[in-house]
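Numbering (my numbering), first residue to last: 2 to 362.
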RNA sequence: UGGGGUGUAGCCAAGCGGUAAGGCCCGGGACUUUGACUCCCGUAUUCGCAGGUUCGAGCCCUGCCACCCCAG
């Protein structure tokens with residue numbers, strides 16, 4: 002088979018390419034440069050990553066290319082990312098990036114190269130079912146990335162390959178070392194895909210105008226100033242600058258973004274009831290199989306990446322979901338994705354829209 | 001310009017003659033392909049200022065300064 006491997010410059014995709022090559026496939030490494038900017042230190046991290054991709058491909062002995070989807074990334078992912086922040090929500094650009102860029106624009110490109118499949122270094126697995134391809138969690142529970150892939154549909158999944166999904170991170174590094182891949186010890190990347198680790202506040206400031214305002218308690222007492230509601234997210238504690246007030250000395254957390262009055266509402270205490278909710282509405286539901294398993298059903302869910310599985314009941318109303326958790330959830334945040342699972346099978350998910358708070362209100 | 005009180009790190013705040021607790025904020029790190037959360041580490045040679053007593057003072061004394069309260 003001819004397989005295009007999306008290579009980031011990291012170990013996971015490098016080992017993916019290596020394994021496919023060893024399995025006898027015709028492998029083509031392709032590097033995506035989707036963000037034009039230097040990082041905080043003035044270096045273009047993409048340059049280093051591209052060099053790593055070339056070095057890895059040379060070691061493996063496969064051809065490589067670079068493609069640029071900067072325009073697509075900006076139009077289909079980043080613009081949405083910004084508009085969500087403008088609405089006071091907290092988006093997850095990476096779930097969109099996977100659907101729109103890696104498994105759409107990039108997938109199309111791979112197909113044009115005559116590829117049969119598109120591989121990436123995601124820690125996730127695929128299983129051919131009777132009629133559909135199922136998306137499963139990666140074997141390494143600590144690195145499972147199925148959360149970020151929940152928006153993928155059959156056309157994409159049927160062409161995808163995840164060579165490292167059955168391995169642990171330790172396995173991957175061991176293979177990379179053994180094969181003497183130059184990125185064997187390269188540090189895992191974090192931060193928004195293609196953009197990387199940033200001083201988030203400073204980063205956003207470069208794109209959206211800030212509107213400072215008051216920080217208030219639930220009782221309405223003004224106890225500080227915020228730099229602009231977009232810089233904060235629900236459940237956040239750092240960056241508030243609220244110190245030493247007479248009282249319990251507990252930390253303060255964001256419990257509400259009052260767009261109308263441009264006020265940030267905060268509460269004291271890690272486990273303030275105002276931070277918890279049991280029911281929420283999520284929209285834009287997508288299903289791996291193409292359809293919801295039932296009008297309502299029980300399953301587990303992750304309200305954010307790396308969260309332990311939460312037992313929930315899901316009620317489906319078109320592309321809207323009403324998700325009822327068994328246990329109260331902390332800081333469920335509009336814009337974030339709830340991803341549903343049945344055991345190791347990822348069912349799909351949706352984006353939190355409205356949160357019904359338990360206490361207060 | 002009578003009386004009372006208070007002045008300890010950015011903010012709260014312990015300390016009561018024996019050589020500066022703690023919390024919050026903040027900074028750094030860990031964790032992490034979103035944003036967060038969490039965890040770990042760090043942060044006053046110095047206690048409004050100036051003298052004095054004492055082997056030794058943030059703690060006692062004197063003066064000054066600042067702020068607060070009451071009375072004017």
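Positions of the beta carbon are idealized from the N, C-alpha and C atoms, including for glycine.
- Pairing residue 338 with residue 355 gives a Cβ-Cβ distance that is not under 9 Å.
- Apart from the 5 residues on each side of it in sequence, residue 284 sits with its Cβ closer than 8 Å to the Cβ of 320, 321, 322, 351, 352, 354 in its chain, given in chain order.
- Taking C-beta atoms as the reference points, residue 162 and residue 4 count as a pair closer than 9 Å.
- For residue 243, the three-state secondary structure derived from DSSP is coil.
- In this structure, the alpha-carbon of residue 242 lies about 15 Å from that of residue 270.
- Residue 238 and residue 232 have their alpha carbons spaced roughly 12 Å apart.
- Of all alpha-carbon atoms in 66, 234, 274, the one lying nearest the alpha-carbon of residue 359 is that of 274.
- Within the model, the alpha-carbon separation for residue 287 versus residue 302 is close to 14 Å.
- When Cβ pairs closer than 8 Å are counted between the two stretches, the segment 162 to 181 is seen to touch the segment 126 to 144, the count reaching three or more.
- Residue state for residue 283 is assigned as strand, using DSSP reduced to three classes.
- 9 Å or more divides the Cβ of residue 127 from the Cβ of residue 104.
- Listed in chain order, the beta strand (DSSP E) runs fully inside the segment 314 to 362 are 321 to 331, 338 to 343, 346 to 358, counting runs of at least 3 residues.
- For the pair residue 111 and residue 255, the Cα-to-Cα distance works out to about 44 Å.
- For residue 170, the enclosing alpha helix (DSSP H) begins and ends at 170 to 179.
- In the three-state scheme derived from DSSP, where H, G and I count as helix and E and B as strand, residue 69 is classed as strand.
- For a cut-off of 8 Å, the C-beta gap from residue 21 to residue 164 is around 6 Å, short enough to register as a contact.
- It is roughly 46 Å from the alpha-carbon of residue 30 to the alpha-carbon of residue 357.
- By the neighbour-count criterion, in which 16 or more other beta carbons inside 10 Å mark a residue as buried, residue 213 falls on the exposed side.
- Leaving aside the five residues that flank residue 36 on each side, the residues in its chain whose CB is nearer than 6 Å to its CB run, in chain order, 195, 196.
- Per DSSP, residue 300 lies in no alpha helix (DSSP H); the unbroken beta strand (DSSP E) holding it starts and ends at 297 to 303.
- By the CB criterion at 9 Å, residue 276 and residue 89 fall outside the cutoff.
- DSSP, read as helix, strand or coil, puts residue 269 in strand.
- Secondary structure within the segment 199 to 235: the alpha helix (DSSP H) runs of 4 or more consecutive residues, fully enclosed, are 201 to 206 (chain order).
- Boundaries of the beta strand (DSSP E) around residue 120: 118 to 120.
- Between residue 151 and residue 340 a beta carbon distance of about 4 Å is seen, short of the 8 Å cut, so the two are scored as contacting.
- With respect to residue 309, residue 280 sits apart: the two C-beta atoms are not nearer than 9 Å.
- The C-beta of residue 132 has fewer than 16 other C-beta atoms within 10 Å across all chains shown, which makes the residue exposed.
- Judged by DSSP in its simplified three-state form, residue 252 adopts coil rather than helix or strand.
- DSSP places residue 8 in the uninterrupted beta strand (DSSP E) bounded by 3 to 8.
- Apart from the 5 residues on each side of it in sequence, residue 174 sits with its Cβ closer than 7 Å to the Cβ of 12, 185 in its chain, given in chain order.
- Judged by DSSP in its simplified three-state form, residue 36 adopts coil rather than helix or strand.
- In this structure residue 79 is not in contact with residue 102, their Cβ atoms being roughly 10 Å apart against a cut-off of 8 Å.
- Rounded to whole angstroms, the gap between the alpha carbons of residue 81 and residue 208 is 12 Å.
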